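Per my numbering, the sequence shown starts with residue 511, numbered consecutively. Working notes, structure below.
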Amino acid sequence: MSEKLTIAIPFYQRRDYLELAIASVLGQDLADWRLLVVDDSGADQGVEGWLRELNDNRIAYHRNPRNLGMVHTWNLCLDRATGELVTLLHGDDLLLPDYASLVLELAAAHPGAAAFCCDASIIDADGAPTFSLADTVKPLYRPRGPDPLLVSGEAGLRAIMRGNFIMCPTLCYRRAALGQRRFAPQWKQVQDLDFTSRLLLDGDAIVCSRKKAYAYRRHSGGATALQSESRLRFDEEFVLFDRVAERARELGWERAARVAGRKCTVRLHLLYRALREIQHLRLGTALGWLRYLVRQR
């Protein structure tokens with residue numbers, strides 16, 4: 511079937527969250543979409559049979575023969591998408607009812623752009639609105655300008671290196687613009703920031719709307735939370751920012767290279783974690799974060 515938008519869900523665990531995510535797709539305010547569930551859970555959780563019971567020919571299912579991991583599964587979602595546009599909906603997140611119509615509207619208004627994103631509501635493990643300092647600060651880094659905002663060139667790269675205001679899970683990609691570009695498999699946490707950085711370095715544009723059309727779930731079992739606690743996220747961020755700085759210099763984008771090389775937001779995040787541990791009297795853990803920060807170049 512031909513459709514404008516493929517919504518692909520990479521699934522790993524928590525079928526209850528997956529069912530909510532799929533319900534949010536079925537609740538979109540337009541019907542011109544195809545849903546693709548790529549099952550990387552490594553165990554039969556009855557998802558295929560449940561999807562068949564929905565009896566909706568817009569829904570397709572693929573189960574990996576073995577566990578491929580996050581990045582390879584994301585890339586498989588891109589490879590198997592058939593729509594002009596493709597969104598990777600995280601299996602524990604939700605689309606708000608006007609997400610599909612918003613990204614189609616942005617794509618029609620900006621035919622030269624490679625990707626489109628929006629703001630997100632933040633929810634907790636139970637789906638209730640919750641406060642997140644990181645997600646509260648994120649919009650403050652957004653450059654002044656119209657809504658939607660066209661992010662491109664050195665100015666766009668400099669902006670996301672200063673503070674990544676793009677809510678990456680909300681991104682919708684134009685398949686024709688991506689070509690053969692995919693998420694880099696060496697990353698476990700920063701693959702989305704790496705991908706958007708490469709789009710900008712390659713001369714592509716991203717259109718960002720302030721409209722909240724996505725619900726991002728913050729919970730202790732999420733990959734972001736787990737990998738931040740293990741410091742993997744920060745290890746990868748320091749490496750990525752250096753690589754972006756090097757590539758920017760090759761293009762003559764000196765201001766963007768300087769901002770990336772400073773890694774200010776990464777350092778501030780580490781300092782915040784240390785201070786939070788001090789607040790809770792976990793002084794040994796705080797000292798560990800501070801030592802880690804001091805060791806970074």
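Ideal Cβ placement from N, Cα and C applies to all residues, glycine included. The structure displayed is predicted, hence computed values, not measured ones.
Beta bridge counterpart(s) of residue i as assigned by DSSP
i	result
W543	L515
R727	I633
D549	F521 and R573
C627	C718
Y683	V596 and A625
V661	I716
L561	Paired residue(s): none; L561 is not in a bridge.
P639	I633
L604	A725
Between the CA atoms of residue j and residue i - distance to the nearest angstrom
i	j	result
Q701	K773	17 angstroms
L528	A796	36 angstroms
M511	H729	Below a pLDDT of 50, predicted positions are generally treated as unreliable, and M511, at 44, falls in that range; no measurement from the model is reported.
V641	P649	Checking the sequence shown, residue 641 turns out to be Phe, not Val. About 14 angstroms.
N577	Q555	14 angstroms
L561	Y609	22 angstroms
L588	L803	36 angstroms
G794	F744	19 angstroms
H620	L612	12 angstroms
L780	G798	10 angstroms
D549	T592	18 angstroms
L540	N674	30 angstroms
A617	I676	17 angstroms
R777	F748	9 angstroms
H572	E558	8 angstroms
R720	L659	8 angstroms
E594	A770	32 angstroms
C467	M671	Given a span of 511 to 807 for the chain in the structure shown, any question on residue 467 remains unanswerable.
L761	R768	13 angstroms
Status (buried if at least 16 other CB within 10 Å, exposed otherwise) for residue i
i	result
A758	buried
L709	buried
R801	exposed
L711	buried
A533	exposed
R765	exposed
P639	exposed
T646	exposed
P679	buried
Closest by C-alpha distance to residue i, when choosing among the options
i	options	result
E746	D714, Q806 and C718	Q806
G713	G663, G622, L515 and S719	G663
A694	A625, N585 and R576	N585
Q699	R741, A715 and L711	R741
S551	E563, A617, A619 and F521	F521
V535	I517, V769 and D526	I517
R668	A755, L791 and L780	A755
Q696	G637, G579 and C718	G579
V808	L614, H582, P607 and L606	Nothing about residue 808 can be read from this structure; the chain reaches only from 511 to 807.
D752	R792, S707 and L616	S707
W763	D645, A715 and A665	A665
D526	V581, K514 and L604	L604
L515	L530, Q523 and R590	R590
G622	E563, G537 and A715	A715
Q538	P607, A624 and V661	P607
I'd like to know if the segment 680-692 and the segment 779-796 are in contact, where contact means that at least 3 CB-CB pairs between them fall below 8 angstroms.
For the pair of segments examined, the segment 680-692 was found not to touch the segment 779-796: the number of CB pairs separated by less than 8 angstroms stays below three.
Does the count of Cβ pairs from the segment 565-579 and the segment 534-549 closer than 8 angstroms reach three?
Under the 8 angstroms Cβ criterion, the segment 565-579 counts as touching the segment 534-549, having at least three qualifying pairs.
Across the segment 591-601 and the segment 652-669, are there enough close Cβ pairs to call them in contact, namely three or more that are closer than 8 angstroms?
No, because fewer than three Cβ pairs between the segment 591-601 and the segment 652-669 fall closer than 8 angstroms, the two stretches do not touch.
So, do the segment 713-729 and the segment 624-642 have three or more beta carbon pairs nearer to each other than 8 angstroms?
The segment 713-729 makes contact with the segment 624-642, as at least three CB pairs between them are under 8 angstroms.
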